[in-house]
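Heads up: the structure comes next, in structure tokens.
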Amino acid sequence: MTSVTERIYYTDPTCLEFDATVVSSATADGRSVVVLDRTAFYPTSGGQPYDTGTLGGTAVTDVIDREDGTVGHVVEAPIEAGARVRGRIDWARRFDHMQQHTGQHILSAAFDRLHHARTVGFHLGAALSTLDLDKVLGADALSAAESEANRIVWEDRPVSIRFATPDEAAAMTFRKEPTRSGPLRVIEVEGFDMSACGGTHVERAGQVGAIALRSWEKFRGGMRLEFVCGTRALREFRVLRDAVAGSLRYLSVAPQELPSAIEGAQTENKDLRRTIRDLGERLAIHEAAAHVQRARPIGSARVVVDALEGWDQQGLKALASAAASQPGVVAALLSAGDPALVVIARASDVHLDAAAVLKALVQRFGGKGGGKPELAQGGGLTGARGDMTAALAQIIESLIQPVL
Ligand SMILES: [Zn+2]
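Here it is in structure tokens:
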């Protein structure tokens, strides 16, 4: 049986290089997994991701906290059991995790102290971390807790690690009652937060740098907050700075005026669209008159069949409807583009089922569509426009009923 791995990071979270002996080496799911007698590699647990680095010169790509108390190191190249190896931790990644994790302790304590809001979830992601609260707070309350957390950071309070027996732990006041039995690893942000935690933390609160809430939303009866600390806060600031600066160049306003400027631009855009639509309708009515003049009589109706350049579905519909607003008119219009759009409209006094005309046309030229007896539209028709217009005239002629 393998004995538990000695975890160097428990007592020395800044240890970046260590020597160890490989106690077992195995292959699981095609991955080489190595267990050491001691390790400074942090395995994924408690919401904090694993460390990366090298072991005996080969890359460590995952670190697993195993049920038996050992730590499994997934390595790129297998290492034999019994070998002595030197481990090296990727400090940039680890320090980032330490900043986010310690920031979370301080932020959670600030929410607890100011608003009696308990932390019920934490996840340290690759770009963002989330913290779940058990109650809903307003923007001012969130800002107050954010400020309080940063005050603790800037006071640079010591962050200590100690181990407590169950008896000692019973006399301590934790932010959250520990659920584990046996001795506890206790992380204290001096005079502010006491938590039982197995993660890695900075040694002084000042190393967190800054804590910033990025966004929030209601979540499971409480809230889910996204937050960034330290280097991530700086990176996030730069992303926002560039996005805001880029937007300001287009709008010529101060940063705080950006939301109202965008709202104004959207309103203006909506008004312009309405104006364009109105003008389009007026143009359609105007053009429709010219088309109706060229209509040819079929039975008692005047029928316009045409293929037109430069009209979209809305335009064709407006044009056909405008033409068919005159008594006795049927307008069947195709777009010149490929595949073709089609709109068939008829005046209320004409006895013709526009949907039936469309159906017959689609049977011959493909595409799809539908509508009502007075107006039908479709698209996706393929073939020569001359053939389509000839077919349309023919179909209309065959389906039109004389006025009784
Ligand atoms: Zn922790």
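For the sequence shown, the working numbering gives the first residue as 496, with consecutive numbering after it. We put the beta carbon where it would ideally sit given N, CA and C, even for glycine.
Beta-bridge partners of residue i, as assigned by DSSP
i: Glu683; result: Ser655, Met689
i: Thr614; result: Leu628
i: Phe722; result: Ser624, Leu708
i: Thr668; result: Paired residue(s): none; Thr668 is not in a bridge.
i: Ala438; result: Missing from the structure shown is residue 438; the chain here goes from 496 to 899 and no further.
i: Val857; result: None, per the DSSP bridge assignment.
i: Leu803; result: Ser830
i: Gln872; result: Val838, Gly865
i: Phe714; result: Gly717
i: Val566; result: Asp560
i: Gln543; result: Ser540
i: Leu619; result: Ser624
i: Ser603; result: Paired residues: none, contrary to the question.
i: His846; result: Gln896
Residue i: CB within 8 Å of a non-hydrogen atom of ligand 1
i: Ala597; result: Here residue 597 is Thr; the residue named in the question, Ala, does not match the sequence. Yes, Cβ of Thr597 sits closer than 8 Å to a heavy atom of ligand 1.
i: Gly725; result: no
i: Ser690; result: yes
i: Ile449; result: Only positions 496 to 899 of the chain appear in the structure, and residue 449 is not among them; the question remains open.
i: Gly541; result: yes
i: Gly616; result: no
i: Gly686; result: no
i: His696; result: yes
i: His610; result: no
i: His592; result: no
i: His600; result: yes
Distance CB(residue i)-CB(residue j) smaller than 9 Å
i: His596; j: Leu619; result: yes
i: Val837; j: Leu853; result: yes
i: Leu870; j: Ile895; result: no
i: Val857; j: Ala826; result: no
i: Arg646; j: Glu685; result: no
i: Leu602; j: Ile706; result: yes
i: Ala523; j: Thr553; result: no
i: Asp848; j: Pro868; result: yes
i: Val499; j: Thr565; result: yes
i: Gly598; j: Gly725; result: yes
i: Leu828; j: Ala802; result: yes
i: Arg526; j: Val569; result: yes
i: Asp560; j: Pro538; result: yes
i: Asp546; j: Arg588; result: yes
i: Thr884; j: Pro834; result: no
i: Ser830; j: Ala783; result: no
i: Lys630; j: Gly717; result: yes
i: Val846; j: Pro792; result: What sits at residue 846 in the sequence shown is His, not Val. For His846 and Pro792, no; Cβs fall outside 9 Å.
i: His786; j: Ala818; result: yes
i: Phe606; j: Ala640; result: yes
i: Phe714; j: Ala604; result: no
i: Phe536; j: Tyr504; result: yes
Range covered by the beta strand (DSSP E) that runs through residue i
i: Thr522; result: 512–523
i: Leu836; result: 835–841
i: Arg579; result: 579–584
i: Arg772; result: Looking at the DSSP string, Arg772 is not in any beta strand (DSSP E); the run it does join, the alpha helix (DSSP H), is 753–788.
i: Thr556; result: 553–560
i: Ala640; result: Note, Ala640: premise wrong, no beta strand (DSSP E); alpha helix (DSSP H) at 634–649.
i: Pro792; result: 791–793
i: Thr549; result: 548–550
Boundaries (first-last residue) of the alpha helix (DSSP H) holding residue i
i: Asp882; result: 880–894
i: Leu814; result: 808–818
i: Ile574; result: Neither: Ile574 is in no alpha helix (DSSP H) and is coded neither H nor E.
i: Thr506; result: 503–506
Cutoff 9 Å: residue i Cβ touching any chain B Cβ
i: Asp635; result: Judged by its chain identifiers, the structure shown contains no chain B, having just a single protein chain.
Exercise for the section: Give a yes or no on contact between the segment 622–642 and the segment 717–734, applying the rule of three or more CB pairs nearer than 8 Å. Expected result: yes
Problem - Three-pair Cβ contact test at 8 Å for the segment 749–764 versus the segment 648–668 - result: no
Handout entry: Cβ contact check for the segment 528–539 and the segment 567–585: 3 or more pairs under 8 Å
Key = yes
Handout entry: Segment contact, 8 Å Cβ cut-off, at least three pairs: the segment 775–783 with the segment 800–820
Key = yes
Practice task
Could you say if the segment 587–596 and the segment 669–680 meet the contact criterion of at least three C-beta pairs nearer than 8 Å?
Solution key: no
Problem - the segment 691–698 contacting the segment 602–616, beta-carbon criterion three pairs below 8 Å - result: no
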